[in-house]
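Visitor: I have a structure here, written as structure tokens, and I will follow up with some questions on it.
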Amino acid sequence: MRRIILLLLPLVFTCVQKVCGQAHFFDARVSKYGELEQVLGDKWDKTDSLIVHGPINEADFKTMVRCARYGILRIINLQYAQVENHKIPNCGFADAELSSHGYYLDIDRVILPDDITEFGDFAFYCLTLRKVNIPASLKKMGEACFYLDKWLDINPIVFPEGVTEIPDACFLYAAKVKAVVLPSTIKTISNVAFSNTYISELILPEGLDSIGIMGLGSSSFKELVLPNSVKRLGKDALSDNHKLKRVVLPKGLTEIPEGLCCMCRELEDAEIPANVRTVKREAFRYCEKLKVALPYGLERIEALAFEHCLADSIVLPSTVKYLEGAPFRHVKGLKKIYSLAETPPVCTIDPQRFTDSINPFDGSAPKDIPIYVPIGSAEKYRKAIGWDYFTNFIETSKLPAGIETPKAGSNEQYKVYGKDGRIVIEPQGRLASPVRYSVCNMAGATIAQGYLTASHTLPVPESGIYVVRIGNAVYKILL
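Here UniProt numbering is used: the first residue of the sequence shown is 1, the next is one more, and so on.
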């Protein structure tokens, strides 16, 4: 008897639904814009799955939002609908009044027609949305269109060719988004576009022009390779990526923006391009595993730029003129400093007063730490504001500049120099046996290695400073 009752329960439940007028699925066929509310009739609050045939406009989207907020509508299928202007209107599926009180609208799934070309501003804002298709005809998205869609679980999200911009806050706090495929047409990733997601991999195509403020910040990237086409980077563009280990910056970059990689605590590899003249404030702040390496040509380093980075020695190229607001505060493991300029770089206070110190190391380096300077310049350093904190200046001609073509002296075994984008190694005599050599960039990555038996020419991937080791001899070369 118990088994018979259990078998009859689904039938009884279905009958009760019919008697009580509970229609969970509804196929709405409309003939003109604005007709959906009329067609739904008294079923508007009893439908959890809706399929629409025919033309719909902004008024019809408002009807669907009302059905979701005050009824039980959760799934919307528009694949057979003709949406006005082929655009999901601004706030199309959003309920601004509900979200203003911190609540989410319970729309779980949306199926869009293939001919949609545009998502309006806030089109899918603050929903419990889990699934939505991205039409192949899509060309434009409005700002914040998936903002606060915490449950959105499309992996990967594939943007079709023709999309040129990921707009402001487009996927901000879409926490379940883990994979994105960008089209070759993409030009702009705008402010906080992918911030606070869990994206771990992203290929940025050549042709990308700009990344806005925190455009790729607070995510889960492990590596980011910025193409050389990128010309503009906003404040904190890559910041707060706690898993980021490697960044390749565009070769043509002339300025490292403010806070670019700030709080990327796992970052180990981020070579500053040779054309950079200014490192803005907090650019690499709290990059606790990043070894400081500064290129020749750099002129200005701003406040707290390398705070809490890693270095046993810091080499300030001869081109550095300004050190603002303790750029090297709390650098870990520091044992010595090289300043290659005969005129001490000018030290100034942080204009934003995060620190009041005029000392480039904010007192975190011992007063008697060795500071190697060019011959004849120690007295200038002792009298210079900021530098006058230190007491142990050592004049030397053997500074690790590596910025001029070395000439082999009478006692040197090798002549090492750069020519036409290559490193040339010339033994100054016959080698009795092969000699091991290696070439590394300033980030410590090995570019080439092997055994030298005669003159050798090595191509390098890009301009910059390279360390060449031949046996026990060490050379620095600028290309």
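Positions of the beta carbon are idealized from the N, C-alpha and C atoms, including for glycine. Since the model is a prediction, treat every value here as computed from it, not as a measurement.
1. In whole angstroms, what is the alpha-carbon distance linking Y381 and N275?
2. Expressed to the nearest angstrom, what Euclidean distance is found between the alpha-carbon atoms of L478 and S463?
3. Determine the burial state of K280: buried for a count of at least 16 other Cβ atoms within 10 Å of its Cβ, exposed for fewer.
4. Which word fits H330, buried or exposed, when buried means at least 16 other C-beta atoms lie within 10 angstroms of its C-beta?
5. What are the start and end residues of the beta strand (DSSP E) that includes K222?
6. How many angstroms separate the CA atom of G41 from the CA atom of R74?
7. How would you label Y372, buried or exposed, when you count the other beta carbons within 10 angstroms and need 16 or more for buried?
8. With respect to the alpha helix (DSSP H) encompassing L105, which residues constitute its N-terminal and C-terminal limits?
9. Can you tell me where the alpha helix (DSSP H) with Q38 in it begins and where it stops?
10. Does the Cβ of E258 have 16 or more other Cβ atoms within 10 Å, making it buried, or fewer, making it exposed?
11. Can you give me the start and stop residues for the beta strand (DSSP E) that K476 sits inside?
12. Grouping DSSP H, G and I as helix and E and B as strand, with all else coil, what is V439?
13. Quick check: the stretch 354 to 369 against the stretch 393 to 400, are at least 3 beta-carbon pairs closer than 8 Å?
14. Which runs of the beta strand (DSSP E), 3 residues or longer, sit entirely within the stretch 150 to 227?
15. At which residues does the beta strand (DSSP E) containing L458 begin and terminate?
16. Around the C-beta of D95, are 16 or more other C-beta atoms found within 10 angstroms, so that it is buried, or is it exposed?
17. Grouping DSSP H, G and I as helix and E and B as strand, with all else coil, what is F25?
18. Is L98 near M64, with beta carbons less than 9 Å apart?
19. Of all the options I166, F221, K139 and R66, which has the alpha carbon lying nearest to the alpha carbon of P160?
Guide: Let me spell this out:
1. 27 Å
2. 7 Å
3. By the neighbour-count rule (16 or more Cβ atoms within 10 Å), K280 is buried.
4. buried
5. Run containing K222: none; DSSP gives neither H nor E here.
6. 18 Å
7. buried
8. Run containing L105: none; DSSP gives neither H nor E here.
9. Run containing Q38: L36 to L40, per the alpha helix (DSSP H) assignment.
10. So E258 ends up on the buried side.
11. A473 to L478
12. strand
13. A contact between stretches requires three or more CB pairs, one per stretch, nearer than 8 Å, and the stretch 393 to 400 fails this requirement with the stretch 354 to 369.
14. 223 to 225
15. Start and end: H456 to P459.
16. buried
17. strand
18. no
19. K139
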